[in-house]
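Residues 18 to 610 (our numbering) are what the sequence shown spells out, left to right.
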Amino acid sequence: MQEDEVLGKAYDSRLMRRLLQYARPYTMHVVGAILLTIFISALSPLRPYLTKLAVDDYIAVGDENGLLFIALLLLGTLLLQGVAQYFMMYFTQWIGQRIIVDVRMQIFTRMQKLALRFFDRNPVGRLVTRVTNDVEVLNEMFSSGLVAVFADVFILLWIVVFMLTINWELALVTLSVIPLLVYGTFLFRKKVRETYRDVRLQLARLNAFMQERVSGMMTVQLFGREKKEADAFEEINRAHQDANVRSVFYYAVFYPSVDFISALAVALIIWYAGGEILSGLMTVGTLISFIQYTEMFFRPIRDLSEKYNIMQTAMASSERIFKLLDDDTVIPDPPADRVRALPHIEDIRFDSVHFAYNEGEWVLRDVSFDIPKGGSVAIVGATGSGKTTLINLLCRFYDIQKGAVTIGGKDLRDIPAAELRRHIGIVLQDVFLFSGSIHDNITLGDVRISRQTVEEVSALVGVQPFIDRLPERYDAQIRERGGSLSVGQKQLLAFARALAYDPELLILDEATSSVDTESELLIQEAIAKLLKGRTSVVIAHRLSTIQNADTILVMHKGQIRERGNHQELLARRGIYYRLYQLQYKDQDITSAA
18 MQEDEVLGKA YDSRLMRRLL QYARPYTMHV VGAILLTIFI SALSPLRPYL
68 TKLAVDDYIA VGDENGLLFI ALLLLGTLLL QGVAQYFMMY FTQWIGQRII
118 VDVRMQIFTR MQKLALRFFD RNPVGRLVTR VTNDVEVLNE MFSSGLVAVF
168 ADVFILLWIV VFMLTINWEL ALVTLSVIPL LVYGTFLFRK KVRETYRDVR
218 LQLARLNAFM QERVSGMMTV QLFGREKKEA DAFEEINRAH QDANVRSVFY
268 YAVFYPSVDF ISALAVALII WYAGGEILSG LMTVGTLISF IQYTEMFFRP
318 IRDLSEKYNI MQTAMASSER IFKLLDDDTV IPDPPADRVR ALPHIEDIRF
368 DSVHFAYNEG EWVLRDVSFD IPKGGSVAIV GATGSGKTTL INLLCRFYDI
418 QKGAVTIGGK DLRDIPAAEL RRHIGIVLQD VFLFSGSIHD NITLGDVRIS
468 RQTVEEVSAL VGVQPFIDRL PERYDAQIRE RGGSLSVGQK QLLAFARALA
518 YDPELLILDE ATSSVDTESE LLIQEAIAKL LKGRTSVVIA HRLSTIQNAD
568 TILVMHKGQI RERGNHQELL ARRGIYYRLY QLQYKDQDIT SAA
């Protein structure tokens, strides 16, 4: 987690070029914002020049009409600047909002294409941060940081131009404090960079601690850990506070230092210009205008120090975003010349399959078996024997390293993943439900599935009595992850979801492990009907649920050790027999079978 908080360069040309690609569709708006920025930057330094004219050319000679004209011109300049700033702010905010929508859509779309292997090694919180916090930082850069930097730089340039035009000698005196300012800014930037990195590290610790403790609040309360956890949180919270205080310290030193340098510049102006005025070589209007220019000059300097942090954070965020977008952990679709259509599920064959999640650590070794069309295969074995991995390979969530998996003689790697999965229905042990209505959780938003179909499959799996007891029935809302439902109810809804899509291949992965005996009986009756005429793969710890399977595969340490039907495996008195003994130790095995 902490490696993500390390800050890179404050400006990286490679990253900036990629970021600017997102602004390409809005080129006209960007050009408009830049032109308005240049225009506004020129209007601001115009006011001190008009003040000089008012003092020297009209007040000094008592020209009231001319003074009125200058006053109206100043008012018009302010109004024009206000209108221009309105459109500039609108354009920059509009561009920023459009860009973050585009970036978020690109990230979300990319994440949906990434293989499960990617999600195995990346925490959910980190990925959510990419789509929310990191993208919001880019919004701040595009809508505030980048354009504001242009504005500040242009204002400084215009101020220097006006000062040199009015009196170049006084301009050089005024700008003589710049080396001191540059040195102070360099020190500030270096110190703030260090403290800002520390702040982000401490914030990451704080967020990680909070997320873990909130998720595990039941355990915290059950074991009476409230006081210990509060003490641990206070320690992290204090560290975060101290990091922020150190950051505030450097700001508290920098801003007064800039004000001091500004006051020093004003003192130099008064000293030099005062002498020139007494000698009759300079006007009072020039002195007043230079004092105003000095005040205006140091304001963008303060702003640029803040924009530095925005740019630095944006570079760090963009690097993390592009790292995600460039990740190639995908299940590749086959090249066009190798694509094989899959109109229906045919015979399935695993041929000498080897697979490892980590290189060199085989989870499956030399696994071979057939699933005839319309047939049922059950897979049993101890935890970690490779049962669920077989399902992951069959659904092409992962690709095998050795061997082949074929459907109707077609290699699974030659079938586009989307086309393969539209034939498959799956019910997992850990059911995931989305926030929304029961109807939407069954159909997953597919408008082709009618309300009648939803009610039919709900009745078939035995979940309809539970739904009928709800005031809104199928329109009843489910909380996040189905928090308002029991584990058994969630699994029954998962059955209904799988069957609503009428799959040719039905996969059940420990689908009845969390339901009570009554619900299991309902599901067993439904399964018997559902599996008829379908190809099916059933993983189960409860051996009572697979006794009618055509073939039972017994997995052990990534290999198939036994295969046959229920009676054959019991008669063999091997691993399956021992598993059955453990579950029915109080019964006579022969009678139980």
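Where a beta carbon is used, it is the ideal one built from N, C-alpha and C, also for glycine.
Kindly indicate which residue of Thr44, Asp431 and Leu510 has the alpha-carbon position closest to the one of Phe108. Thr44
Taking the alpha-carbon positions, what's the Leu477 to Arg559 distance? 21 Å
What does Arg580 pair with, by DSSP beta-bridge criteria? Leu570
So, at 7 Å on beta carbons, what are the nonlocal neighbours of Leu131 in its own chain, with the 5 sequence-adjacent residues on each side left out? Asp344, Thr346 and Val347
Select from Ala71, Arg551 and Ala353 the residue whose C-alpha is nearest the C-alpha of Asp431. Ala353
What are the boundary residues of the alpha helix (DSSP H) that includes Lys419? Not the alpha helix (DSSP H): Lys419 falls in the beta strand (DSSP E), residues Lys419 to Ile424.
Along the beta strand (DSSP E) that carries Asn375, what are the first and last residues, could you check? Ile365 to Asn375
Apart from the five residues just before and just after Asp603, which ones in its own chain have a Cβ nearer than 6 Å to its Cβ? For Asp603, the predicted model reports a pLDDT of 48, less than 50, meaning its position is unreliable; a value from the coordinates is still stated below. So no residue of the chain qualifies.
Does DSSP put Tyr553 in a helix, in a strand, or in coil? Inspection of the sequence shows that residue 553 is occupied by Ser rather than by Tyr. Strand at Ser553.
Along the chain, where does the beta strand (DSSP E) containing Val237 start, and where does it finish? Premise fails: Val237 lies in the alpha helix (DSSP H), Met234 to Leu239, not in any beta strand (DSSP E).
To which residues does DSSP link Ser393 through a beta bridge? Ser553
Check this for me: beta carbons of Val464 and Tyr325, under 9 Å apart or not? no
Minimum length 4: unbroken alpha helix (DSSP H) runs contained in the stretch 85-166: 133-138, 141-146 and 152-157
Expected contact under 8 Å - CB spacing of Val154 and Thr330 to nearest Å: 5 Å
First and last residue of the uninterrupted alpha helix (DSSP H) at Glu436: Ala434 to Arg438
Between the alpha carbons of Gln576 and Glu378, how many angstroms are there, rounded? 13 Å
One or two residues paired with Gln379 in a DSSP bridge: The displayed chain sequence assigns Trp, not Gln, to residue 379. Partner(s): Ala373.
Other residues of its chain near Leu85: CB distance less than 8 Å, five sequence neighbours each side excluded: none
Which residues does DSSP list as the beta-bridge partners of Gln494? Ser454
For Gln129, tell me which candidate among Gln114, Ile172, Ala435 and Arg578 has the shortest Cα-Cα distance. Ala435
Extent of the continuous alpha helix (DSSP H) to which Asp276 belongs: Glu243 to Leu295
Exposure label - Phe618; buried when at least 16 CB within 10 Å: Because residue 618 is not part of the residues shown, which for the chain are 18 to 610, the question remains open.
Evaluate contact between the stretch 390-398 and the stretch 501-518, counting only Cβ atoms and requiring at least three cross-stretch pairs below 8 Å. no
Where Gly398 falls: helix, strand or coil (DSSP): strand
Classification of Asn375 by the beta-carbon crowding that lies within 10 angstroms, buried from 16 upward: exposed
Should the stretch 72-83 be regarded as contacting the stretch 291-306, the criterion being three or more beta carbon pairs within less than 8 Å? yes
Quick one: what does DSSP say Ala610 is sitting in, helix, strand or coil? The pLDDT assigned to Ala610 is 47, lower than 50, so where the model puts this residue is not dependable, and the model offers no usable value.
Identify the residues that DSSP records as bridge partners of Leu525: which are they? Val444 and Val555
If Ile408 and Ile524 are in contact, beta carbons under 8 Å, what's the gap, nearest whole angstrom? 6 Å
Below 9 Å between beta carbons: does that hold for Asn458 and Ile417? no
Am I right that Gly403 and Val380 are in contact with their C-beta atoms under 8 Å? What's the rounded C-beta distance? 5 Å
Selection from Val275, Phe226, Gln228 and Phe339 that minimises the alpha carbon distance to Leu198: Val275
Leaving out the 5 sequence neighbours to the left and right, which residues in its chain are closer than 7 Å to Lys574 when beta-carbon positions are compared? Ser402
Which term fits Glu20, buried or exposed, when burial requires 16 or more other beta carbons within 10 angstroms of its beta carbon? Residue confidence is low: Glu20 scores 48 on pLDDT, short of 50, so the model does not pin down where it sits. No coordinate-derived value is stated.
List the whole-angstrom C-beta distance separating Ile455 from Ile484, where the pair is believed to meet the contact cut-off of C-beta under 8 Å. 6 Å
Could you name the residues that DSSP lists as bridge partners for Lys427? Ile424
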